[in-house]
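Let me begin by presenting the structure, written as structure tokens, before commenting on it.
Number of protein chains: 4
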Amino acid sequence: MSPPQPRRKPTQARARATVDAILEAAAQVLVDRGFDGASTNRIAEVAGVSVGTLYQYFPNKDAVFVALIERHCDEQIALLQAMVGDMVAAPLPTAVRTYVAALIATHDRDRAVHDAIFRQAMHLGLPSLQRIHDGTRAIVRAYLEVHREGILPEDLDLAAFLLVSMVEGMIDTAFFVTAPPNREALADEVSRVVLRYLLGHAD
Amino acid sequence: MSPPQPRRKPTQARARATVDAILEAAAQVLVDRGFDGASTNRIAEVAGVSVGTLYQYFPNKDAVFVALIERHCDEQIALLQAMVGDMVAAPLPTAVRTYVAALIATHDRDRAVHDAIFRQAMHLGLPSLQRIHDGTRAIVRAYLEVHREGILPEDLDLAAFLLVSMVEGMIDTAFFVTAPPNREALADEVSRVVLRYLLGHAD
Amino acid sequence: MSPPQPRRKPTQARARATVDAILEAAAQVLVDRGFDGASTNRIAEVAGVSVGTLYQYFPNKDAVFVALIERHCDEQIALLQAMVGDMVAAPLPTAVRTYVAALIATHDRDRAVHDAIFRQAMHLGLPSLQRIHDGTRAIVRAYLEVHREGILPEDLDLAAFLLVSMVEGMIDTAFFVTAPPNREALADEVSRVVLRYLLGHAD
Amino acid sequence: MSPPQPRRKPTQARARATVDAILEAAAQVLVDRGFDGASTNRIAEVAGVSVGTLYQYFPNKDAVFVALIERHCDEQIALLQAMVGDMVAAPLPTAVRTYVAALIATHDRDRAVHDAIFRQAMHLGLPSLQRIHDGTRAIVRAYLEVHREGILPEDLDLAAFLLVSMVEGMIDTAFFVTAPPNREALADEVSRVVLRYLLGHAD
DNA sequence: GATGAATGAGGCTTCATTCAT
DNA sequence: GATGAATGAAGCCTCATTCAT
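Chains as they are written, first to last, in my numbering: chain W, 506 to 708; chain G, 506 to 708; chain E, 506 to 708; chain S, 506 to 708.
Here it is, written out as structure tokens:
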């Protein structure tokens with residue numbers, strides 16, 4: 506609906522710092538006051554700059570949140586990469602357990618921020634939180650490819666898709682629900698679900 | 506945050522029709538113009554009533570959406586009940602296939618409305634879309650109880666929770682994603698995931 | 506601004522009762538919720554009738570308050586008449602003391618109602634609370650006429666005017682002020698003020 | 506009920522001018538259209554600014570009027586101070602005549618504005634027009650203290666209270682009444698009332 | 001006569017955005 | 001580059017009033 510590109514490329518360090526401050530403020534305000542409390546004026550104030558400055562870096566309000574979401578996605582993907590990246594050679598049970606644990610850890614970190622950003626992404630039409638999904642799916646798909654011999658599903662695209670969406674579904678819901686299951690039990694059982702799907706058993 | 510009870514109980518037929526018109530209009534406006542375009546004035550206009558009338562039945566804007574979501578939840582739950590209710594005695598593969606198919610059908614019906622309402626629920630803090638989850642989980646849990654002998658998981662609460670959230674996760678995502686998988690293949694594979702989790706195999 | 510005449514003369518007892526109920530409700534709502542809370546709908550509700558009925562007896566909102574104020578004035582004047590009426594033959598000190606005491610008593614009765622109505626009268630442009638002033642002044646003026654020989658002021662119109670307005674000024678203010686003077690002392694001293702004005706002394 | 510402090514302290518000259526323009530406009534609109542016609546939009550328009558600007562300096566509508574009343578009180582008190590301040594050493598008859606004349610002059614200045622503001626103060630619950638009363642009373646009380654030897658009343662607090670409220674009562678009423686008495690005669694007789702109270706005579 | 005659902009103008013207030021300094 | 005006062009469209013909501021039943 507509105508151009509997501511920053512109005513000016515922040516090549517200079519000072520400018521980059523300003524942009525960061527704004528995004529940081531946006532996240533904080535989003536968490537503290539919700540969507541409706543997240544006005545550009547408030548964000549600018551929290552960021553310690555004037556509204557005018559904000560508009561020097563972002564063409565409009567939405568662009569701020571698009572950038573924030575973008576940054577959040579990058580962070581999440583990097584996080585997963587770091588945690589799961591070197592699992593390619595690991596045996597399935599280890600890899601799965603690591604992935605599930607990583608995702609849970611991810612949720613534990615900045616719960617509030619994560620939620621607020623997620624909601625805001627929905628609000629905007631969520632074109633971008635999908636990037637996390639896509640990124641994760643690529644990693645999973647690569648893993649499955651390598652281990653294709655040992656697993657049951659034949660359509661690896663579909664399998665990767667379902668794996669990612671079902672694990673995210675289970676973990677997201679577990680965190681949203683009022684009486685969430687115990688972390689350990691959750692991690693164990695989710696891993697079991699995945700392993701049974703891929704192997705037919707979960708020893 | 507705002508009382509979800511209608512300001513005035515629509516006892517008369519005329520009033521009930523008015524309330525329905527307003528909810529219908531709310532859904533439509535939500536779909537057509539998004540959150541930010543869904544003003545009470547617009548909703549009233551589309552409903553063919555005046556704003557004043559709207560406010561005679563709802564104490565504030567949010568209450569309209571709360572009611573809409575509530576109604577939507579009721580419909581969804583009723584739909585599932587109707588489709589899955591008499592599956593208690595059915596063998597697992599049949600029951601699972603039916604459930605998965607029902608959920609997919611549910612998504613196909615009023616795609617746009619469903620999405621918009623879902624988003625709006627998030628916006629409001631989603632206290633109520635959980636009702637669908639809870640309702641479904643109760644049904645699933647009851648089924649598992651009956652068939653407890655033939656299945657692997659021992660913690661039925663956890664199992665029910667994961668089943669519902671993972672199936673919803675897979676199907677929701679499949680519908681949100683830009684290049685959704687084929688319906689048939691999706692239903693087949695999701696059923697397989699479930700059956701392998703419950704039985705260890707999916708013949 | 507709006508015709509103060511009731512739309513229909515309430516000749517029948519039932520109608521008179523309805524009008525009374527409405528005025529009573531108006532007074533109560535005025536006291537309980539202030540000007541801004543005194544809507545016609547609320548008044549009708551408190552009166553136990555429908556808005557429609559209210560509008561059958563009053564052409565508009567203001568008319569309700571005009572009638573209320575009118576009634577209040579009548580009551581106040583009657584009250585004063587009753588308390589001071591037979592003082593014509595009494596000696597000045599007695600008459601003055603009685604008048605002052607009566608006015609204080611008047612203020613003690615229905616403090617809240619009196620205030621609310623007074624404020625509302627100002628709001629409407631106070632054309633009518635003046636009737637109390639005028640009524641009282643007529644009584645005072647008549648008294649002075651009878652006793653003209655024994656008093657100092659020569660312009661009885663002016664004297665009556667000042668007497669009424671200064672006594673009301675002192676007593677009104679005494680009641681509005683946060684730390685009001687003691688009643689007895691107030692009555693004594695106000696009487697003294699009046700007697701000194703009229704006689705030059707206050708024995 | 507609403508914070509009377511301006512939302513933003515107008516430190517700059519430009520801002521101070523804006524605030525003044527708003528208050529001026531508020532007074533004018535109050536006079537021209539009455540309470541109910543005094544909407545924030547109208548005030549802003551008359552002030553030559555946008556509503557938004559108004560709300561940058563005042564948190565809500567009432568705050569505008571509170572500020573207006575406050576300013577009015579300050580002006581009135583300053584006016585009285587200027588006219589009566591150096592009367593401390595003056596003999597009673599002179600001082601009284603000056604005070605009475607000053608109060609009448611005060612009423613002559615901006616009759617309409619004074620009235621409208623007074624009414625509005627009532628509407629808001631009049632916590633502040635009392636400041637005028639209190640200020641005046643302090644001055645009067647100080648005067649009485651100095652001249653205590655020559656006057657009859659012994660309770661100076663009570664005497665000061667009654668003096669102020671009775672003079673205000675007489676003069677206010679004289680101005681509100683439809684057929685006000687002649688200014689000169691009024692001033693003379695009011696002075697006489699006061700002097701007789703304080704001295705027992707009014708030569 | 002009474003009812004109360006419906007009306008809709010209009011009030012208060014917010015906030016994304018601009019632009020003169 | 002930065003500032004922040006100013007803008008004004010637009011949103012939410014109320015309430016005096018009407019009229020079909």
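Heads up, the beta-carbon is just placed ideally off N, CA and C, and yes, glycines get one too.
- request: Identify which residue in G:Arg636, G:Tyr702, G:Gly557, G:Ser544 has its Cα closest to the Cα of Pro658 (chain G).
  value: As a first step, residue 658 (chain G) must be located in the second sequence, where it is residue number 153. Per the Cα distances, G:Tyr702.
message: Let me confirm a value: Ala647 (chain E) is counted as buried when at least 16 other C-beta atoms fall within 10 Å, else exposed. Which label applies?
response: Reading the third sequence from its first residue, position 142 is the one you call residue 647 (chain E). It counts as exposed.
query: When the cut-off is 8 Å and only beta carbons count, does Ser495 (chain G) lie next to chain W?
result: Given that chain G is displayed from residue 506 to residue 708, the structure contains no residue 495 (chain G) and the question cannot be resolved.
task: Starting from Glu673 (chain W), find everything on chain G with Cβ-Cβ shorter than 9 Å and list it in chain order.
output: Here the question's residue 673 (chain W) lines up with position 168 in the first sequence. Going along chain G in sequence order, the residues near Glu673 (chain W) (Cβ under 9 Å) are Gly674, Thr678.
task: For the region 635-649 of chain E and the region 622-641 of chain S, state whether three or more C-beta atom pairs, one from each stretch, are separated by less than 8 Å.
output: no
task: Grab me the residues of Ala606 (chain E)'s own chain with a C-beta within less than 7 Å of its C-beta, minus the 5 sequence neighbours each way, in chain order.
output: Reading the third sequence from its first residue, position 101 is the one you call residue 606 (chain E). Ala692, listed in sequence order.
message: Does chain S have any CB closer than 8 Å to the CB of Phe563 (chain E)?
response: Position 58 of the third sequence holds residue 563 (chain E). No, its Cβ sits nowhere closer than 8 Å to a Cβ of chain S.
message: With distance defined between alpha-carbon atoms, name the residue in G:His652, G:Glu580, G:Pro596 nearest to Ile622 (chain G).
response: Here the question's residue 622 (chain G) lines up with position 117 in the second sequence. Answer by Cα proximity: G:Glu580.
message: Quick check: the region 591-604 of chain W against the region 565-577 of chain W, are at least 3 beta-carbon pairs closer than 8 Å?
response: no
task: Check whether the region 609-626 of chain E touches the region 656-675 of chain E, taking contact to mean three or more Cβ pairs, one atom from each stretch, closer than 8 Å.
output: no
task: Classify His638 (chain E) as helix, strand or coil using the three-state DSSP reduction.
output: The residue you call residue 638 (chain E) lines up with position 133 of the third sequence. Three-state DSSP puts His638 (chain E) in a helix.
message: Less than 8 Å between C-beta atoms, sequence neighbours within five positions excluded: which residues of the same chain meet that for Ala679 (chain S)?
response: Position 174 of the fourth sequence holds residue 679 (chain S). If we look at Ala679 (chain S) and ignore the five residues flanking it on each side, its Cβ neighbours are Pro685, Pro686, Leu691.
query: Does DSSP put Gln586 (chain W) in a helix, in a strand, or in coil?
result: In the first sequence, residue 586 (chain W) corresponds to position 81, counting from 1. Here Gln586 (chain W) sits in helix by DSSP.
task: Taking Leu667 (chain E) as the query, report the chain S residues whose CB atoms sit under 8 Å from its CB, ordered along the chain.
output: Against the third sequence, residue 667 (chain E) aligns to sequence position 162. Simply Met675, Glu694, Val695, Val698.
- prompt: In terms of residues, what are the limits of the alpha helix (DSSP H) holding Val556 (chain W)?
  reply: Stepping through the first sequence from its first residue, residue 556 (chain W) is reached at position 51. Taken as a continuous stretch (DSSP letters only), the alpha helix (DSSP H) holding Val556 (chain W) covers 556-562.
- request: Determine the extent of the alpha helix (DSSP H) in which Val618 (chain S) is found, giving its start and end residues.
  value: As a position in the fourth sequence, residue 618 (chain S) is number 113, starting the count at 1. Note, Val618 (chain S): alpha helix (DSSP H), 616-629.
- prompt: Relative to the alpha-carbon of Thr603 (chain W), which residue among W:His628, W:His619, W:Leu585, W:Val618 has its alpha-carbon at the smallest distance?
  reply: As a first step, residue 603 (chain W) is located in the first sequence; it is residue number 98 there, counting from the start. Considering only alpha carbons, the answer is W:Leu585.
task: Check whether the Cβ atoms of Ile644 (chain S) and Val589 (chain S) sit closer than 8 Å, and answer yes or no.
output: Mapped onto the fourth sequence, residue 644 (chain S) falls at position 139. Mapped onto the fourth sequence, residue 589 (chain S) falls at position 84. Taking 8 Å as the Cβ cut-off, Ile644 (chain S) and Val589 (chain S) qualify as a contacting pair.
field: Euclidean distance between Cα positions of Val699 (chain S) and Val601 (chain S)
entry: The sequence position of residue 699 (chain S) within the fourth sequence is 194, counting from 1. The sequence position of residue 601 (chain S) within the fourth sequence is 96, counting from 1. Taking the straight line from one Cα to the other gives about 7 Å.
message: Helix, strand or coil for Ser544 (chain W)? Go by DSSP, reduced to three states.
response: Locating residue 544 (chain W) in the first sequence gives position 39, where the first residue counts as 1. Three-state DSSP puts Ser544 (chain W) in coil, outside helix and strand.
query: Would Ser544 (chain S) be called buried (16 or more neighbouring beta carbons within 10 Å of its own) or exposed?
result: Here residue 544 (chain S) refers to the residue found at position 39 of the fourth sequence. It is exposed - the Cβ of Ser544 (chain S) has fewer than 16 other Cβ atoms within 10 Å.
query: Under a CB-based cut-off of 8 Å, is Val569 (chain W) close to chain G?
result: Translated into positions along the first sequence, residue 569 (chain W) becomes position 64. Taking Cβ atoms only, chain G never reaches closer than 8 Å to Val569 (chain W), which makes this a no.
message: Assuming the contact rule is C-beta atoms closer than 8 Å, Ala522 (chain G) and Ile548 (chain G) should be a hit. Round their C-beta distance to whole Å, please.
response: By one-based count along the second sequence, residue 522 (chain G) stands at place 17. By one-based count along the second sequence, residue 548 (chain G) stands at place 43. No, Ala522 (chain G) and Ile548 (chain G) are not in contact; Cβ-Cβ is about 16 Å, not under 8 Å.
query: On the three-state DSSP scale, how would you describe Gln533 (chain G)?
result: Residue mapping note: residue 533 (chain G) aligns to position 28 of the second sequence, counting from 1. Gln533 (chain G): helix per DSSP, three-state reduction.
message: Assuming contact is defined by CB atoms lying nearer than 8 Å, are Gly640 (chain E) and Met675 (chain S) in contact in what I supplied?
response: Translated into the one-based positions of the third sequence, residue 640 (chain E) becomes position 135. Translated into the one-based positions of the fourth sequence, residue 675 (chain S) becomes position 170. No, the pair does not count as a contact, with Cβ atoms beyond the cut-off.
query: Out of E:Leu629, E:Ser555, E:Phe681, which has the shortest C-alpha to C-alpha gap to Val524 (chain E)?
result: Within the third sequence, numbered from 1, the residue matching residue 524 (chain E) stands at position 19. Closest option to Val524 (chain E), Cα to Cα, is E:Ser555.
task: Could you name the residues of chain G that Arg717 (chain W) contacts, counting a contact when the two beta carbons are closer than 7 Å?
output: Shown here, chain W extends from 506 to 708; a query on residue 717 (chain W) therefore has no answer.
- request: Using a Cβ cut-off of 8 Å, pull out every chain E residue sitting near Arg653 (chain S), in sequence order please.
  value: Reading the fourth sequence from its first residue, position 148 is the one you call residue 653 (chain S). Going along chain E, no residue has its Cβ under 8 Å from Arg653 (chain S), so there is no contact; the nearest lies around 16 Å.
field: Integer-rounded CB distance, given that Gly553 (chain W) should sit under 8 Å from Gly705 (chain G)
entry: On the second sequence, position 200 is the one that residue 705 (chain G) refers to. On the first sequence, position 48 is the one that residue 553 (chain W) refers to. Wrong, their Cβ atoms sit about 58 Å apart, outside the cutoff.
- prompt: So is Ala626 (chain S) buried or exposed if we call it buried at 16+ other beta carbons inside 10 Å?
  reply: For this step, residue 626 (chain S) is matched to residue 121 along the fourth sequence. It counts as buried.
task: Step through the CB atoms of chain W and report whether any lies within less than 8 Å of the CB of Gln635 (chain G).
output: Numbered from 1 along the second sequence, position 130 holds the residue referred to as residue 635 (chain G). For Gln635 (chain G), the answer is yes, since a Cβ of chain W falls inside 8 Å of its Cβ.
- prompt: Would you report the Cα separation of Phe681 (chain G) and Ser670 (chain W), rounded to the nearest angstrom?
  reply: In the second sequence, the residue the question calls residue 681 (chain G) occupies position 176. In the first sequence, the residue the question calls residue 670 (chain W) occupies position 165. In a straight line, the C-alpha of Phe681 (chain G) is about 11 Å away from that of Ser670 (chain W).
message: Nearest by alpha-carbon distance to Arg577 (chain W): which of W:Arg538, W:Val551, W:Arg624 is it?
response: As a working mapping, residue 577 (chain W) is identified with position 72 in the first sequence. Sequence inspection shows His at residue 577 (chain W); the Arg mentioned does not correspond to that position. That would be W:Arg624, whose Cα lies nearest to the Cα of His577 (chain W).
message: Which of the three DSSP states is assigned to Glu694 (chain W) in this structure?
response: The residue you call residue 694 (chain W) lines up with position 189 of the first sequence. Looking at Glu694 (chain W) - three-state DSSP - the assignment turns out to be helix.
Span of the alpha helix (DSSP H) around Glu673 (chain S): Taking the first residue of the fourth sequence as 1, we reach residue 673 (chain S) at position 168. That run of the alpha helix (DSSP H) goes 661-681.
message: In the DSSP assignment, the alpha helix (DSSP H) including Asp613 (chain G) goes from what residue to what residue?
response: The residue you call residue 613 (chain G) lines up with position 108 of the second sequence. Unbroken alpha helix (DSSP H) run through Asp613 (chain G): 597-613.
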